[in-house]
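Working notes, beginning with the structure itself.
2 protein chains.
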Amino acid sequence: MIRVGIIGVGTVGSHVVKILQENEDIITARSGKRIIPVMGVVKNLSKKRDITIPLSTNVDDVLDNPDIDVVLELMGGVDEAYAIVTRALKNGKAVVTANKALLAYHRYELKDLAGNTPIGYEASVAGGIPIIKALREGLSANHIDAIKGIMNGTCNFILTKMMNEKVAFIDVLKEAQALGYAEADPTFDVGGFDAAHKLLILASIAYGIDVKPEEILIEGIEHISSEDICFAKEFGYNIKLLTIAKKSGDKVELRVHPALVPMGQMIAKVDGVMNGISVIGDRVGETMYYGPGAGGSATASAVVSDLIDIARHTQNSPMLGFITPLEKSGLSLMPKEEICTQYYIRVSVTDKIGVLSQISQILGKHNISISSFLQKQDALKANSAVLLFSTHTCKEREIQQALAELGALEFVEVAPAMIRIEA
Amino acid sequence: MIRVGIIGVGTVGSHVVKILQENEDIITARSGKRIIPVMGVVKNLSKKRDITIPLSTNVDDVLDNPDIDVVLELMGGVDEAYAIVTRALKNGKAVVTANKALLAYHRYELKDLAGNTPIGYEASVAGGIPIIKALREGLSANHIDAIKGIMNGTCNFILTKMMNEKVAFIDVLKEAQALGYAEADPTFDVGGFDAAHKLLILASIAYGIDVKPEEILIEGIEHISSEDICFAKEFGYNIKLLTIAKKSGDKVELRVHPALVPMGQMIAKVDGVMNGISVIGDRVGETMYYGPGAGGSATASAVVSDLIDIARHTQNSPMLGFITPLEKSGLSLMPKEEICTQYYIRVSVTDKIGVLSQISQILGKHNISISSFLQKQDALKANSAVLLFSTHTCKEREIQQALAELGALEFVEVAPAMIRIEA
């Protein structure tokens, strides 16, 4: 028998209790043990909840309870959650958490603290998709060349609508908020921060690299315009918020940003609120994992799979995928400005003679060569045009300098926009 | 240190040796141990091989070798492989196998024989995709409602070409043979038998059900015609060889056959030699797994992941997913004739008055109602027409009887063809 205490009984926690109770037959058959939710800790006891386990407002009732084997941390946040998980581990209790922010900041401390005590966190990345297990165990024979993920359902819902129905960002965002797919303050999702937390967790498993969110390139989808959608369609791309980890020599690129992705790629076909993660291994090639990245029931499915692994004693896999550090490889984070990729650039200009020549000159000076070009008259403004380029591969530093110089040109009407291309 | 003996050193075996040697850095860091291929057993020593381990022609050199911890069975076939794996287990050696036929027939005997000795078989289904792990561990909280897989790359290559390039089955088959995607005798692949073996392995993990290949519905793709492709395109379907496991009450449908799949479904987007497996869990909803289902390097990636799991002692997960049998559920195989689904029917007729009325009468008598209808003149034969129907959901028994009656009509020129629809 495995006895579980749940700290934070919201949507996910309630679904965990339901699954443990309603699917008890199959869970017991698969794990060889009964897994029983014995106690929940909540902030507010008066809130109505559709579950039947005893509740407390005192975390000590779980953390210091000798009858509890596993602590389920579902409260969210970083500092308080870290304190609670730390206490649970020190008390010898296994931990399961769905808290990506906690892991984005403290995964290495927790690994060291846990030692041989299991910490499950399958639910922290891509909800119901077992991507942690796939990467840490299923693909363990491979050097990971790259990971490209769509790991934020809110952004993918918005971008899919913008592509398919030509609705503006701000209008789809409102719809997403009405449907409960986006928060009242959507910054954490649409700004790319949620996806960045998940990326750092996967990057640790793939590369053994210890990086904090503040160190990596993070851009959101707020500035995607109808012209960008139009260019993407014209040249056979979809636009996705991608989380990218990529090995180049002894450097690892880690970045989250909207990207133009060729329609033929499997990852470009992941639409709506769904998540998809494509992983390129040096031996297996590309595998992709698709499914619901959020939602109480899907996330709880991942939490319970961790509990079953603990019951089966299969959580012997090293928490972050490595038992000994990858000393020799000496992988380190690639500085943002060293990133090389293709770019798409949007420049709004006053339509007059010599404009294209001056722009081309600036691009040429920075070793940026143009791959495709589309010019459109500005529908809203007479005598204005929008120039849309894609480039061959060049350096982030050069693009940023070129964009700054373009923005300073007298005939350029607003700061030029850029979206990276992942071909 | 884990010492591995390999029985059968062909394409996959050679790649296993290469991965263990060339990726030794990351494998050691991830597993905490060195995993060393120490001996290979082959039929023919004189054959040139690009590997550097000692070879023998005597299986005893591996099976009775006290210096070998894990036996890798990569020889294929059923009876001899079963004898060898049995001996390995009796000698206390862990086993890793890529042999789907062996498991399709003997998985339950092997499970009982193994007890706590690990048997890894990730490579036996869908090559490099870690679908065994996903189903057995990642989705363990779920009752599995359905599995729909594209698990034969040869068939998917052929069907993709037929859909995209309007080439006839026999011509694409020749191309596939020339490219090495199909065997000289392609029956095992195009007849659906290879996919059926894989399906039975997944069905055991999902449902704890013990079924042999002879008991389930297996149809191949040999009879798909250009008219079928045409109908599929007209009504928004792709045609795929699907392996289907589906729970209906206390029965489990297990079937392998070509199917019309709506273009919007993620599984319909899996093209070429790639595999994809969609799994519907009662809690998580749909997740899908995509990647290379064959090939030496991809398959070896899965084999080595099993070796790493053994080194990490994470192979404590029950071999077939269940520790105690699912007695209560009492799931059993649904008889073929009880299957309910939608159907597409192709009937070639002499084009004369009253034909459609007689056909409709027969369908009506068997409670089959028509959903879509397309009539085409036969391009090659004057005064002939091809009638293409899709039906609403009805019973397999009724369809089979109706097809027999249609085939007996005087104006029906060849036996009617049928493809099931998976909507």
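If you read the protein sequences in the order shown, they are chains R and V. One gets my numbering by counting positions in the first sequence from 1 and adding 731 to each. One gets my numbering by counting positions in the second sequence from 1 and adding 731 to each. Don't be surprised by glycine CBs; every beta carbon is placed ideally from N, CA and C. Quantities reported herein were computed from a predicted structural model and do not represent experimental measurements.
At a cut-off of 8 Å between beta carbons, Arg1014(R) contacts chain V. The Cβ-Cβ distance between Lys929(V) and Thr974(V) falls below 8 Å.
With respect to Ile1101(R), Ile1130(R) sits apart: the two C-beta atoms are not nearer than 8 Å. Ile936(V) and Gly869(V) have their C-alpha atoms roughly 12 Å apart. No Cβ-Cβ contact shorter than 8 Å links Leu794(R) with Ala829(R). Assignment of Lys764(R) by DSSP, reduced to helix, strand and coil, places it in the coil class. Excluding residues up to 5 positions away in sequence, Leu870, Ala872, Asn873, His874, Ile875, Asp876, Thr1018 lie with their Cβ nearer than 8 Å to the Cβ of Gly1012(R) in the same chain.
In terms of CA proximity to Ile952(R), Ile970(R) leads the group Tyr938(R), Ser777(R), Ile970(R).
Here DSSP, grouped into helix, strand and coil, assigns Val740(R) to coil.
Counting only residues of its own chain and dropping the five nearest sequence neighbours on each side, Tyr968(V) has a CB closer than 7 Å to the CB of Leu991, Val992, Pro993, Met994. For Asp925(V), the closest of Ser855(V), His1097(V), Glu1153(V) by C-alpha to C-alpha distance is Ser855(V).
Boundaries of the alpha helix (DSSP H) harbouring His928(R): 924 to 938, taken from the DSSP string.
Taking a Cβ-Cβ cut-off of 9 Å, the neighbours of Asn754(R) in chain V comprise Ala872, Asn873, His874, Asp1013, Arg1014, given in sequence order. Inter-residue distance for Arg1128(R) and Cys1071(R) is about 9 Å (C-alpha atoms, whole angstroms).
Secondary structure of Glu811(V) (DSSP, three-state): helix. Assignment of Arg1043(V) by DSSP, reduced to helix, strand and coil, places it in the helix class.
For Asp792(R), the three-state secondary structure derived from DSSP is helix.
Looking at the backbone, the Cα of Thr1122(R) and that of Pro1056(R) are separated by about 39 Å. For Arg1043(R), a Cβ of chain V is located within less than 8 Å of the residue's own Cβ. Taking a Cβ-Cβ cut-off of 8 Å, the neighbours of Ile1039(R) in chain V comprise Glu868, Ser871, Ala872, given in sequence order. Closer than 8 Å to the CB of Arg761(R) there is at least one CB belonging to chain V. For Thr848(R), the CB contacts under 8 Å within the same chain, skipping 5 residues up- and downstream, are Leu820, Gly823, Lys824, Ala825, Val826 in chain order. Secondary structure note for Tyr1021(R): its beta strand (DSSP E) is the uninterrupted segment 1016 to 1023. Under DSSP, no beta-bridge partner is assigned to Glu958(R).
A contact is defined here as three or more CB-CB pairs under 8 Å, and the region 856 to 863 of chain V meets this definition with respect to the region 1026 to 1036 of chain V. In this structure, Tyr1074(V) is the residue among Ser957(V), Asp959(V), Tyr1074(V) with its C-alpha nearest to the C-alpha of Ile1152(V). For Glu1136(V), no Cβ of chain R is located within less than 8 Å of the residue's own Cβ.
For Phe1053(V), at least one C-beta of chain R is nearer than 8 Å to its own C-beta. Runs of beta strand (DSSP E) with 3 or more residues, each lying fully within the region 814 to 892 of chain R, are found at 825 to 828, 875 to 881, listed in chain order. With contacts defined as CB atoms closer than 8 Å, Val1034(V) and Ile881(V) fail to qualify as a contacting pair.
About 5 Å separates the beta carbon of Val983(R) from that of Leu1062(R), a gap short enough to meet the 8 Å contact definition.
Cβ contact annotation for Ala812(R) (same chain, cutoff 6 Å, sequence separation greater than five): Glu804, Met806, Asn830, Leu833, in chain order.
In the structure shown, Val1004(R) falls within a coil segment according to DSSP collapsed to helix, strand and coil.
Counted as a single uninterrupted DSSP element, the stretch harbouring Val942(R) is not any alpha helix (DSSP H), since DSSP gives it neither H nor E. By the Cβ-count criterion, Ala1133(R) is buried, with 16 or more other Cβ atoms from all chains shown falling within 10 Å of its own Cβ.
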